[in-house]
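Encoded as structure tokens, the structure appears first; notes follow it.
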Amino acid sequence: MNLLRTKPVEDALDSTSGLRRELTAFDLMMLGVGAIIGAGIFVLTGISAATHAGPAVVLSFVVAGIACACAALSYAELAASVGGCGSAYGYGYAGLGEFPGWLMGWMLLAEYAIAVAAVAVGWSGYLANGLHTIGIDLPPLLLNGPFDAQTPGLINLPAALLLTFLGILIASGAKVSARVNMVIVFVKIAAILLFLVVAIPHIDISHWRPFIPPVEVDAHGESRFGIMGIFSGAAIVFFAYIGFDAVSTSAEETRNPQRDLPRGIIGSLVICTVLYIAVSGVLTGIVDYKDLDVPSPVTHALLDIGQSWAAGLVSIGAIAGLTTVCLVMYFALTRLVFAICRDGLLPHALAHVNRKTGTPTRIILVVGVVMVSLAGLVPLDNLAHLVNIATLTAFCVVCAGVIALRRTRRDLARPFKVPLYPLTPAMGIAICLWLMANLPGVTWIAFTLWMALGLTIYFAYSYSHSNLARQNLP
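Numbered per our numbering, the sequence shown spans residues 140 to 613.
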């Protein structure tokens, strides 16, 4: 039994999947921005400032952005040299072997599936609150699933309807999805720019003094603020950058993946970093950072300076943000499942591409049923932490894949190379391992159970049915 048999890199480069190559670098950049910026820019900025870093939350975003850049640069090198569909799954398969690749794919399935369902539930909550402000109240039976511990209902209908609509949209073609995503991303960015334009005249520089608040000890004996507060804040806002990895799943629908994927990945990360820094800086400039520990700090700040009309429009931007996150993660999930099925690790029959739309409609249907069931019926609070650990694991695998392929495939063409190699991927691995070590215990329990299920499926089905097994490759 050879668990480290690798998928030839040439298979990824020469793949003829039937998916249509329609996406440009700009499309990929907008997909990345759509996946990264959700409601977090309107929430995490204020909470991190109030509880960890104060006005120096700006530096927290810089630190987190640098940490993410280590992984993003590694993604860019592998995307340029390996290509192929499946994101970290495909890179792990080609660089580290089938078994590590399967484990990575299995973790990404959890990341994308739970992210899609959880974001859809969050979108439903924003919609319900927005309708409530104009006097329309949806019945609780249609806002919660039957297993909700606090207020059980029948189904989270808004979440289910959103996912049904997005499934139809994704099945219509990659270019259609990209265009709709682009429109909603523009709405989201417009809301962010509106906040900046309205708020900048109200900045009081006294709110930035001291820029790094002195260390305080809370009621639980834990210290916050100071220099270390910048880094603890970075550990929190790091997860606001999650999503750029979804861009790499669209490799087989990109016109020139080796050129455009690095541009899409790095470009989206740069755009989002600039927006995060701008919002956090302005936010702490118009309101005392201690007053930002509220569920909607940006809305709270706008109301505090008497701009209630802008607060309403920013709420629309938050809904738009959640919509694009859901769309791009849903898109990435279907392409990941497609890659795994095409490699034979899951039933190959699902990897059918509709000739008319150029999309994997069978997979979209199966994934859609699962997503609607999760979002509409199942409480996801305890599973949401899996998204964090799955993402960090993916980052580690991609950084390790760069190092492995640099050693084993020196002949491989690399249109883009990670700068400061091997320091950059090594730093990426170290940072991700440190963040993983600081995740709560419940996350590791969920991780262990999910991986146990993945191991069972691999040894019971995937190992003997993979394309490499059929080809009798060692």
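Positions of the beta carbon are idealized from the N, C-alpha and C atoms, including for glycine.
Predicted model, so just to flag it, every value in this text is computed and none were measured.
message = Counting beta carbon pairs with one atom in the segment 157 to 171 and one in the segment 310 to 320, are three or more of them shorter than 8 Å?
response = Three or more Cβ pairs drawn from the segment 310 to 320 and the segment 157 to 171 lie within less than 8 Å of each other, which places the two stretches in contact.
Euclidean distance between Cα positions of lysine 556 and alanine 539 = Against the sequence shown, residue 556 aligns to sequence position 417. Against the sequence shown, residue 539 aligns to sequence position 400. Roughly 14 Å between the two C-alpha positions.
Residue(s) in a DSSP beta bridge with threonine 393 = Within the sequence shown, the letter at position 254 stands for residue 393. BP columns for threonine 393 point to Leu162.
inquiry  = For alanine 417 and cysteine 411, I'd like the C-alpha separation in whole angstroms.
reply    = For the purposes of this step, residue 417 is identified with residue 278 of the sequence shown, where counting begins at 1. For the purposes of this step, residue 411 is identified with residue 272 of the sequence shown, where counting begins at 1. Straight-line spacing of the CA atoms in alanine 417 and cysteine 411 works out to 10 Å.
Distance between leucine 332 and valine 376 (C-alpha atoms, nearest Å) = Reading the sequence shown from its first residue, position 237 is the one you call residue 376. Reading the sequence shown from its first residue, position 193 is the one you call residue 332. Each residue's alpha carbon lies about 20 Å from the other.
When Ser371, Gly483, Met246 are compared against threonine 587, the one with the closest alpha-carbon = Stepping through the sequence shown from its first residue, residue 587 is reached at position 448. If we check each option's Cα against that of threonine 587, Met246 comes out closest.
ask   = Measuring CA to CA, which of Thr290, Ser220, Gly179 is closest to valine 517?
value = As a working mapping, residue 517 is identified with position 378 in the sequence shown. Of the candidates Thr290, Ser220, Gly179, the one whose C-alpha sits nearest the C-alpha of valine 517 is Thr290.
inquiry  = Tell me the DSSP secondary structure of glutamate 250 in three-state form.
reply    = As a position in the sequence shown, residue 250 is number 111, starting the count at 1. Residue state for glutamate 250 is assigned as helix, using DSSP reduced to three classes.
message = Rounding to the nearest angstrom, what Cα-Cα distance links serine 226 and isoleucine 503 in this structure?
response = The residue labelled residue 226 in the question sits at position 87 within the sequence shown. The residue labelled residue 503 in the question sits at position 364 within the sequence shown. Roughly 18 Å between the two C-alpha positions.
ask   = In angstroms, rounded to a whole number, what distance separates the CA positions of proline 278 and leucine 270?
value = In the sequence shown, counting from the first residue as 1, residue 278 sits at position 139. In the sequence shown, counting from the first residue as 1, residue 270 sits at position 131. Spanning the two alpha carbons is a distance of roughly 12 Å.
message = Buried or exposed, going by whether 16 or more other CB atoms sit within 10 Å of the CB of threonine 595?
response = The residue given as residue 595 occupies position 456 in the sequence shown. Exposed, because fewer than 16 other Cβ atoms sit within 10 Å of the Cβ of threonine 595.
key: Contact check, valine 202 vs isoleucine 351, beta carbons under 9 Å   = Sequence index remark: in the sequence shown, residue 202 carries index 63 (1-based). Sequence index remark: in the sequence shown, residue 351 carries index 212 (1-based). No, Cβ-Cβ distance for valine 202 and isoleucine 351 is not below 9 Å.
query = Should the segment 206 to 223 be regarded as contacting the segment 421 to 438, the criterion being three or more beta carbon pairs within less than 8 Å?
reply = no
message = Cutting at 7 Å between CB atoms, please list the residues of its own chain near serine 605, excluding the five before and the five after it.
response = Position 466 of the sequence shown holds residue 605. These residues qualify, in order along the chain: Glu237, Asp482, Gly483, Leu484.
inquiry  = Quick check: the segment 542 to 558 against the segment 198 to 218, are at least 3 beta-carbon pairs closer than 8 Å?
reply    = yes
message = Give the list of continuous alpha helix (DSSP H) stretches no shorter than 4 residues that lie fully inside the segment 500 to 587.
response = 500 to 516, 524 to 547, 562 to 576
query = My guess is that leucine 475 and tyrosine 230 are in contact by the Cβ rule of under 8 Å, so how many angstroms apart are they, rounded?
reply = The count along the sequence shown starts at 1 and reaches residue 475 at position 336. The count along the sequence shown starts at 1 and reaches residue 230 at position 91. Their Cβ separation, rounded to whole angstroms, is 12 Å, which puts leucine 475 and tyrosine 230 out of contact at 8 Å.
task = Return yes when the Cβ of valine 196 is within less than 9 Å of the Cβ of alanine 208, no when it is not.
result = Your numbering for residue 208 matches position 69 in the sequence shown. Your numbering for residue 196 matches position 57 in the sequence shown. Pairing alanine 208 with valine 196 gives a Cβ-Cβ distance that is not under 9 Å.
message = Pairs of beta-carbons, one from the segment 560 to 568 and one from the segment 507 to 515, closer than 8 Å: are there three or more?
response = no
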